[in-house]
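One line per chain: the protein sequences are G and Z, in this order. As numbered in the working numbering, residues 1 to 125 make up the first sequence, in order. As numbered in the working numbering, residues 1001 to 1241 make up the second sequence, in order. Beta carbons are placed, not taken as given, at the ideal position from N, Cα and C, and that holds for glycine.
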Amino acid sequence: MNLRSSIFAGSIALTLASLVLWAATGREGYTRWPDPRLERADAPPPAGEAELLASAGMETRTNSTPPDIKSRFALGLLPGGTDPKHLLSVAAAIAASAVASGIAAAVGVRRRHASKAMNLEGAPR
Amino acid sequence: MSTLLMTLALTCLAGLADDPKPGPTPPITPRVAEPAPAHPVPSDATLYHTLAGRDAQVVFTTDAPLEKVVGKSNEVVGYAISGPKNEPAKLQSATWILPIRSMATGIPLRDEHMAGAEWLNADAFPNIQFTLTRVDEIKEVKKGDGFATYSAKLVGTLALHGVTRELSVPDAKLSFFEASEKTRNIAPGQLLFIKCDYEIRLSDFGIHNPDVPQKVSDTIKLSQILRLTSQAPTPEPTPSK
């Protein structure tokens, strides 16, 4: 397999890998990483509190929580920030693959044209 | 080409090196001081102090096309003064403050936008403040040895983005606990839990953004559980950022 084919194959592999990771990490819209503020807010309530409140007729949040967020890693479709780790995303992977493939294709086209020009110059009269 | 890919990979790995290492969560000092009660505490009432820095006190949710936006904060500070002994749920006074920059969605870009001038404008209006004016529709839900739970409607004013409006929070639950072995595992002193769910509209508070309502819903849903104790908080020597 020549270099150009390797680049094309690598681009496809990178795109597929990013989509797999996106699906495996929760199909989020934006890339997220562990967040210290969320880690504190994600801390479990003190031991026994849920039982105490339930016995007093007070439901806990778990009964009525909207979709929860956790301090964790998830590859998103789009970047979640401007620092390097948040720039990682499916869109970034597709863009990198497209650029690499485009450059490889352009280099290939230039070489073909250069090769044809040399053949024409070297053709016998 | 391989050099370009290698450079990209190394850049990403350099960013990954900043990841916080897992470990015990350090305590925090709320970025806002607890407000002082506006009036003296009557002798037959109890002054409760909000415990911040633990699990999420406020969870907010709003709809957006790409995904539902969810955020949390555990830095609400404030106080509540209970009613008389025979009617503790008739809170005589309460104020709670939520610092806008304490709200986290897990996505730095979104947190910056939320606090930016186009949305909540945290530089000009750093806090969201609720001041209780009265408690209506009090009903006893359950009462037992050392505890009592009530449902009530909390009525007060909400100050957000430089605008103050009356806000009614129906179906709030208030649970009062006498100090006991069970409660000491949670916090010292007598405890008060307040749980409520309510909605606000950004447009009611002067937040008008072209992205509303097509990209972000005008309605924000909030779910709160506040934990308060009769024991006054210990002052922390070093403020956190």
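Does residue 1108 (chain Z) have its Cβ less than 8 Å from a Cβ in chain G?
-> Position 108 of the second sequence, counted from the start, is the residue given in the question as residue 1108 (chain Z). Closer than 8 Å: yes.
Residue 1069 (chain Z) versus residue 1233 (chain Z) - alpha carbon distance = Walking along the second sequence from the start, residue 1069 (chain Z) turns up at place 69. Walking along the second sequence from the start, residue 1233 (chain Z) turns up at place 233. Between the alpha carbons of residue 1069 (chain Z) and residue 1233 (chain Z) lies a gap of roughly 33 Å.
State yes or no: is the C-beta of residue 7 (chain G) within less than 8 Å of the C-beta of residue 71 (chain G)?
-> One-based indexing of the first sequence puts residue 7 (chain G) at position 7. One-based indexing of the first sequence puts residue 71 (chain G) at position 71. Contact flag unset, no.
Residue 1054 (chain Z) in three-state terms, based on DSSP = What you label residue 1054 (chain Z) is simply residue 54 of the second sequence in a count that begins at 1. For residue 1054 (chain Z), the secondary structure class from DSSP, reduced to helix, strand or coil, is coil.
DSSP three-state assignment for residue 1131 (chain Z), whether helix, strand or coil = For this step, residue 1131 (chain Z) is matched to residue 131 along the second sequence. If DSSP states are grouped into helix, strand and coil, residue 1131 (chain Z) belongs with the strands.
Taking Cβ positions, are residue 1101 (chain Z) and residue 1126 (chain Z) nearer each other than 8 Å?
-> Within the second sequence, numbered from 1, the residue matching residue 1101 (chain Z) stands at position 101. Within the second sequence, numbered from 1, the residue matching residue 1126 (chain Z) stands at position 126. Note that the C-beta distance between residue 1101 (chain Z) and residue 1126 (chain Z) is below 8 Å.
What residues of chain G sit near residue 1031 (chain Z), judged by a beta carbon separation below 7 Å?
-> Along the second sequence, read from residue 1 onward, the residue named residue 1031 (chain Z) stands at position 31. Residues of chain G whose Cβ lies closer than 7 Å to the Cβ of residue 1031 (chain Z) do not exist, since the nearest Cβ in that chain is about 11 Å away.
Flag this pair as touching only if the segment 1127-1141 of chain Z and the segment 1221-1231 of chain Z have three or more C-beta atom pairs under 8 Å; answer yes or no.
-> Taking 8 Å as the limit for Cβ pairs, the verdict is that the segment 1221-1231 of chain Z does not touch the segment 1127-1141 of chain Z.
Report buried or exposed for residue 92 (chain G), applying the criterion of at least 16 other Cβ atoms within 10 angstroms of its Cβ.
-> Here residue 92 (chain G) refers to the residue found at position 92 of the first sequence. Result: buried.
Are the Cβ atoms of residue 1177 (chain Z) and residue 1205 (chain Z) separated by less than 8 Å?
-> Walking along the second sequence from the start, residue 1177 (chain Z) turns up at place 177. Walking along the second sequence from the start, residue 1205 (chain Z) turns up at place 205. It is not a contact, given that the beta carbons lie outside the stated cut-off.
What number of angstroms, rounded off, separates the C-alpha of residue 1154 (chain Z) from the C-alpha of residue 1195 (chain Z)?
-> Translated into the one-based positions of the second sequence, residue 1154 (chain Z) becomes position 154. Translated into the one-based positions of the second sequence, residue 1195 (chain Z) becomes position 195. Each residue's Cα considered, the two are about 11 Å apart.
Pull up the distance between the alpha-carbon of residue 57 (chain G) and that of residue 1223 (chain Z), whole angstroms please.
-> Counting from one through the first sequence, the residue named residue 57 (chain G) turns up at place 57. Counting from one through the second sequence, the residue named residue 1223 (chain Z) turns up at place 223. Those two C-alpha atoms are separated by around 18 Å.
Please determine if the segment 7-22 of chain G and the segment 85-99 of chain G are in contact, where contact requires at least 3 C-beta pairs separated by less than 8 Å.
-> Contact annotation: the segment 7-22 of chain G touches the segment 85-99 of chain G, with at least three C-beta pairs closer than 8 Å.
On the DSSP bridge assignment, give the partners of residue 1229 (chain Z) in chain order.
-> Within the second sequence, residue 1229 (chain Z) is the residue found at index 229, counting from 1. For residue 1229 (chain Z), which the question treats as bridged, DSSP gives the partners Z:1049, Z:1191.
For residue 53 (chain G), return the contacting residues in chain Z, with the cut-off set at a CB-CB distance below 8 Å.
-> Counted from its first residue, the first sequence places residue 53 (chain G) at position 53. Chain Z residues near residue 53 (chain G): 1175, 1193.
Would you mind listing the alpha helix (DSSP H) stretches within the segment 1128-1212 of chain Z that are 4+ residues and don't spill past its ends, in chain order?
-> Within the segment 1128-1212 of chain Z, complete alpha helix (DSSP H) segments of at least 4 residues are found at 1181-1184, given in chain order.
Would residue 1153 (chain Z) count as contacting chain G if we go by Cβ distances under 8 Å?
-> In the second sequence, the residue the question calls residue 1153 (chain Z) occupies position 153. Proximity of residue 1153 (chain Z) to chain G, defined by a Cβ-Cβ separation below 8 Å, is not satisfied.
In the DSSP assignment, find the alpha helix (DSSP H) that holds residue 1089 (chain Z) and state where it starts and stops.
-> Here residue 1089 (chain Z) is taken as the residue at index 89 of the second sequence, counted from 1. It is not in any alpha helix (DSSP H) - residue 1089 (chain Z) carries neither H nor E in the DSSP assignment.
First and last residue of the uninterrupted alpha helix (DSSP H) at residue 39 (chain G) | Along the first sequence, one-based indexing puts residue 39 (chain G) at 39. Its alpha helix (DSSP H) spans residues 36-41.
According to the neighbour-count rule (16 or more other Cβ atoms, all chains shown, within 10 Å of its Cβ), is residue 1210 (chain Z) buried or exposed?
-> Sequence index remark: in the second sequence, residue 1210 (chain Z) carries index 210 (1-based). Counting Cβ neighbours within 10 Å, residue 1210 (chain Z) comes out exposed, since fewer than 16 surround it.
Specify the secondary structure class of residue 81 (chain G) as computed by DSSP and reduced to three states.
-> Within the first sequence, the letter at position 81 stands for residue 81 (chain G). Residue 81 (chain G): coil per DSSP, three-state reduction.
Closer than 8 Å by beta-carbon distance: list the chain Z residues that pair up with residue 113 (chain G), in chain order.
-> Sequence index remark: in the first sequence, residue 113 (chain G) carries index 113 (1-based). Those within 8 Å of residue 113 (chain G) in chain Z number zero; the least Cβ separation is about 20 Å.
Under the three-state reduction of DSSP, which class applies to residue 49 (chain G): helix, strand or coil?
-> Mapped onto the first sequence, residue 49 (chain G) falls at position 49. Under the three-state reduction of DSSP output, residue 49 (chain G) falls in the helix class.
Answer with buried or exposed for residue 63 (chain G), where buried requires no fewer than 16 other C-beta atoms within 10 angstroms of its C-beta.
-> For this step, residue 63 (chain G) is matched to residue 63 along the first sequence. Its pLDDT being 43, under 50, residue 63 (chain G) is placed unreliably in this model, and the value from its coordinates should be taken loosely. Residue 63 (chain G) counts as exposed, since fewer than 16 other beta carbons sit within 10 angstroms of its beta carbon.
Residue 111 (chain G) - DSSP class collapsed to helix/strand/coil = Position 111 of the first sequence, counting from 1, holds the residue named residue 111 (chain G). In this structure, residue 111 (chain G) counts as helix in the three-state DSSP scheme.
Check whether the segment 30-45 of chain G touches the segment 1115-1131 of chain Z, counting contact only when three or more Cβ pairs, one atom from each stretch, lie closer than 8 Å.
-> Using a Cβ-Cβ distance cut-off of 8 Å, the segment 30-45 of chain G and the segment 1115-1131 of chain Z are not in contact, since fewer than three pairs of beta carbons, one from each stretch, lie closer than that value.
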